Structure formats: structure tokens, C-alpha cells
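Contents: one structure, followed by commentary.
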Amino acid sequence: MYKKLKLTTISELIKNIYCSLSVIIIGCASAYAVEFNKDLIEAEDRENVNLSQFETDGQLPVGKYSLSTLINNKRTPIHLDLQWVLIDNQTAVCVTPEQLTLLGFTDEFIEKTQQNLIDGCYPIEKEKQITTYLDKGKMQLSISAPQAWLKYKDANWTPPELWNHGIAGAFLDYNLYASHYAPHQGDNSQNISSYGQAGVNLGAWRLRTDYQYDQSFNNGKSQATNLDFPRIYLFRPIPAMNAKLTIGQYDTESSIFDSFHFSGISLKSDENMLPPDLRGYAPQITGVAQTNAKVTVSQNNRIIYQENVPPGPFAITNLFNTLQGQLDVKVEEEDGRVTQWQVASNSIPYLTRKGQIRYTTAMGKPTSVGGDSLQQPFFWTGEFSWGWLNNVSLYGGSVLTNRDYQSLAAGVGFNLNSLGSLSFDVTRSDAQLHNQDKETGYSYRANYSKRFESTGSQLTFAGYRFSDKKLCDNE
Numbered sequence: 001m002y003k004k005l006k007l008t009t010i011s012e013l014i015k016n017i018y019c020s021l022s023v024i025i026i027g028c029a030s031a032y033a034v035e036f037n038k039d040l041i042e043a044e045d046r047e048n049v050n051l052s053q054f055e056t057d058g059q060l061p062v063g064k065y066s067l068s069t070l071i072n073n074k075r076t077p078i079h080l081d082l083q084w085v086l087i088d089n090q091t092a093v094c095v096t097p098e099q100l101t102l103l104g105f106t107d108e109f110i111e112k113t114q115q116n117l118i119d120g121c122y123p124i125e126k127e128k129q130i131t132t133y134l135d136k137g138k139m140q141l142s143i144s145a146p147q148a149w150l151k152y153k154d155a156n157w158t159p160p161e162l163w164n165h166g167i168a169g170a171f172l173d174y175n176l177y178a179s180h181y182a183p184h185q186g187d188n189s190q191n192i193s194s195y196g197q198a199g200v201n202l203g204a205w206r207l208r209t210d211y212q213y214d215q216s217f218n219n220g221k222s223q224a225t226n227l228d229f230p231r232i233y234l235f236r237p238i239p240a241m242n243a244k245l246t247i248g249q250y251d252t253e254s255s256i257f258d259s260f261h262f263s264g265i266s267l268k269s270d271e272n273m274l275p276p277d278l279r280g281y282a283p284q285i286t287g288v289a290q291t292n293a294k295v296t297v298s299q300n301n302r303i304i305y306q307e308n309v310p311p312g313p314f315a316i317t318n319l320f321n322t323l324q325g326q327l328d329v330k331v332e333e334e335d336g337r338v339t340q341w342q343v344a345s346n347s348i349p350y351l352t353r354k355g356q357i358r359y360t361t362a363m364g365k366p367t368s369v370g371g372d373s374l375q376q377p378f379f380w381t382g383e384f385s386w387g388w389l390n391n392v393s394l395y396g397g398s399v400l401t402n403r404d405y406q407s408l409a410a411g412v413g414f415n416l417n418s419l420g421s422l423s424f425d426v427t428r429s430d431a432q433l434h435n436q437d438k439e440t441g442y443s444y445r446a447n448y449s450k451r452f453e454s455t456g457s458q459l460t461f462a463g464y465r466f467s468d469k470k471l472c473d474n475e
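Sequential numbering from 1 applies to the sequence shown in full-length UniProt numbering.
What follows is the structure, encoded as C-alpha cells:
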């Protein structure tokens, strides 16, 4: 009796130790795959119980969950309702193309995933270079992905896919003036005038009108009333093109030709849609790091940019366009080696960052301010500036009409480093006016800018132009 009781006690003790070790293994394996012992389940059909979704850390039961997200340790400003689906007896996060866009993946990567969608979503862990980690306590999903698959990010910039166009509404702003004139002799006179802008917002569209009102009185009796609407136009952003579309009465915007009022449609690239440090012109700094290195850009011993780069070629493309003058570049390798050189940053209106394009185009009919039609032809105008090389930009434009006037322009801009910046362009016009012979004229223009760090001053020659007598402008 005593021996039998002792064996039973030892057997139960071994079983308890085994159970405890199983619990410890399960509890300590938060980062590893584990396997459950189904013998511990007291159920007749325990062999049919599927515990696979609990065997790997970061899994959730099939369903949809609202999670905060991090991309490469940077928090995204939105929560996403992400789907967990069953794949190969395990659950995995599945992301729709729209959610990939919100997470900041490039259009090229999203297009590549279209062939492997599962019920309209893509299990991103299929990509060997993408890893995910789920913090169930915080309901937070961390995603690590190659930088080349992600769009540009900036803490001071909201990407277009996160824009909110606001609620529908209307507004009226005004400036009101009143005067009273009472001479010793003669009639009294009064005047009331106002001007401002009124508008309506609906989705991405904006309707705007400028107004001017003037009314005069003589001894309290109304003498004249005038109400004008110089401009009425509709506009909206085109995020995919980083541009603004305008329809109605507006003014052409040009760095080459004279501006004029017109009724029609225009499309213009808008640098305000870009991150702050990608606007305007700044030189691109390139080099090669031999090891993991720290790149520092400074001006007058003041650090203006610093970044850690891996071994291999690097390019710094996001310097602010406000930088003018000499920049000092220092590359500090992890083995102690230091490389230094200098880059000059100078800017004129015709310089564009390498690889970028700025443009504007419009078509319609010229009108006088106030909207009265002029006997003018239908026109099309357009111009561009392209950052061909790091220090060289090409630009040009044209004005074409359906009658007897055409104008073409072409130019080139240089960042000459320590010598400053220079641009030069040529404009040709062909015109036939008032039944006269057709005349062709040329115009030559140069711009130059140079900053002197020693005195903190800047020398600029802007718009120096020579034109022959036969040149006819678009006025």
C-alpha cells in the first residue's frame, strides 16, 4: 500500500513538472515559434483543435483589427483597419493597395503587388525584405521595409494621400472705407467703397471672385454706383502632378514672357505641394562612403544638415533652397578617416534641382481686367525649367496664337559654384500686324547672382535684356 502510493505520487509529480515546463516554454517564447502539447487538453476531440495561430508570435485570429502603425520606426499619423487572413495554417496581416498608399509605399511597389492579391489585399510578409512585429498590448504594428520601396517622408510635410480638403463652406472678406467732405461753400459729398474676395469651398474645388464696390453721394443723394468682379475663377489641386488647375478669369504666370489677364484654363506646378526642403533650387551633394559614415554640411561653422549613410555612393538632395554661398561638406568614416570639400549654393529663378521639372501652361482668350472681351485671338502658352545636371538647368517656353503671332524662348542656367550663378536665354517672335509684312525679332537676356560671404552681401543683375527693333512682345 505504501509503495503503490509512493509511485502514484512520483508519477503525479513528474506530470506536474512536465506541465509546468510546458507553461514556462510557452510563456517565454514570445519571440519564437512554439508547439503546444495537445495531451494537456481535456477534450474528446482535442485532435481537431487548431492551435497553429497561437504558435507564432505576432499572430491574431482571422479578422479585422484597428491598429496604429510604424514604418521603419517612424509613426504614421493614422490608424488602419488591417485584416488578418489564414495562409498555410497561419494568420498573417493583409494590406489593401489603398492602405499601402497610406503607409507610404511607392506606386511601383504597389503595382507589383497587384498580381498576388488575396481577396483584395496583399500579405506583405511574403516579401522577404519586409518584416512585421505586432505589439498586442499596444495594438501597434511595426513594419520594416527597404527605403527604396517607400516614398519621401518629412516631419514638416503631409503627403497628398493624407490630405483633408475640409468641409464645404462659403466666406466673404471685405475692406470698407467711408468719407465725408463738407466744404465751406458748395455741396457736401460722401463716398463709400469696399473691396475683397468671396468664395465657396466644395471638396477639392475652390470658387473665388474678387469684387470692387464704389458708391458716391452728393448732399445725401446717390450719384453713381459701380460694382466690378475683376476675376472669377475655379481651382483645385492635382496631387499626382504636384500642380494646380485653374479655370476662369486669371493671369498668366511666367518668368520668361510678359503676364496678361485671360479667360480660359491653366495648369501650373505648385512647389508648395512638395516637402519644404525640396522646394526651389539647391545643389545636390554626392560622394562615396567607404564605411558607415556621418555626413555633415555646415556654413560658417553652423551645422545645417547631418545624416548617417551606409557604405557606398550617397546623394543629399534635400537641402533648403534658402541656402546661399559656400557650404562645407565633411564625411567622417567609422574608422576615423575624414574627407572634406566645399560646394557653392547660388540661385536664380531659372535654376531647378536635378531631375525636377517646373512648368506652367495656359490657353484661352486675353481679356481686359473686369472681364470685357478684347478682339484678341485664341492663344496657348507654356514654359518649363528642367534640372538637367546638378549645376545646369534648361528652360524655355512659347506663346502661340491662331492668328499671326508666335514667340519661342530657350535658355540655360548655371550654378558656377564660387563664381555665382548665371542664366542666358534667347527669345524669337514672329508677327504680322495690320496687314503689314511679317517681321521676326530677337531678344537676349542675362541674369547673374553672386553672394559674398566675407561681407554678407549679394550682387545681382536681374533681367538685363537686349532686343532688336523688330521684336514684338505678347502685349
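We put the beta carbon where it would ideally sit given N, CA and C, even for glycine.
Every value quoted in this text rests on a predicted model; they were computed, and no experiment measured them.
Check: For P313, which option in Q290, Q342, S269, K438 has the closest C-alpha, if you only look at C-alpha atoms?; Outcome: Q290
Check: Using CA atoms only, rank isn't needed, just tell me which of R465, G441, G220, T132 is closest to Y181.; Outcome: G220
Check: Classify D425: buried if its beta carbon has 16 or more other beta carbons within 10 angstroms, exposed otherwise.; Outcome: buried
Check: Buried or exposed for T460, going by 16 or more other Cβ atoms inside 10 Å?; Outcome: exposed
Check: Rounded to a whole number of angstroms, what is the C-alpha to C-alpha distance between Q458 and S421?; Outcome: 12 Å
Check: Which value, in whole angstroms, describes the spacing of the CA atoms of G382 and I71?; Outcome: 40 Å
Check: Measuring CB to CB, does P283 end up less than 8 Å from D154?; Outcome: no
Check: Quick check on the DSSP output: what are the complete alpha helix (DSSP H) runs of length 4 or more inside the segment 84-143, in order along the chain?; Outcome: 97-103, 107-113
Check: Just tell me which of E307, N301, L389 has its CA closest to the CA of V331.; Outcome: E307
Check: Which residue marks the beginning of the beta strand (DSSP E) containing V62, and which one marks its end?; Outcome: Here V62 belongs to no beta strand (DSSP E), and DSSP marks it neither H nor E.
Check: Could you pull the DSSP bridge partners for N308 from this structure?; Outcome: K294
Check: Would you call residue 480 buried or exposed, if buried means 16 or more other Cβ atoms sit within 10 Å of its Cβ?; Outcome: Lying before the first or after the last residue shown, residue 480 is absent from the chain, which here runs from 1 to 475.
Check: Would you give the residue range spanned by the beta strand (DSSP E) that Y442 belongs to?; Outcome: 439-452
Check: Among the candidates Y305, A344, Q197, whose CA atom is the shortest distance from the CA of L419?; Outcome: A344
Check: Do you know how far the Cα of S259 is from the Cα of R465?; Outcome: 17 Å
Check: Spatial neighbours of P77 within its chain, please: CB distance less than 7 Å, with the 5 preceding and 5 following residues excluded, ordered by chain position.; Outcome: L162
Check: Consult DSSP for E253 and reduce its assignment to one of helix, strand or coil.; Outcome: coil
Check: With a CB to CB cut of under 7 Å and the five nearest residues on each side skipped, what residues in its chain are close to P311?; Outcome: A289, Q290, T291, N292
Check: Use the C-beta contact count for N391: other C-beta atoms within 10 angstroms, 16 or more gives buried, fewer gives exposed.; Outcome: buried
Check: I'd like to confirm the pairing. Which residues does DSSP put opposite H184 in its beta bridges?; Outcome: H184 is not bridged to any residue.
Check: Name, in chain order, the residues that DSSP records as bridge partners for S259.; Outcome: Paired residues: none, contrary to the question.
Check: Would you kindly report the start and end of the unbroken beta strand (DSSP E) that includes G201?; Outcome: Note on identity: in this sequence residue 201 is Asn, with Gly being the wrong assignment. Its beta strand (DSSP E) spans residues 189-202.
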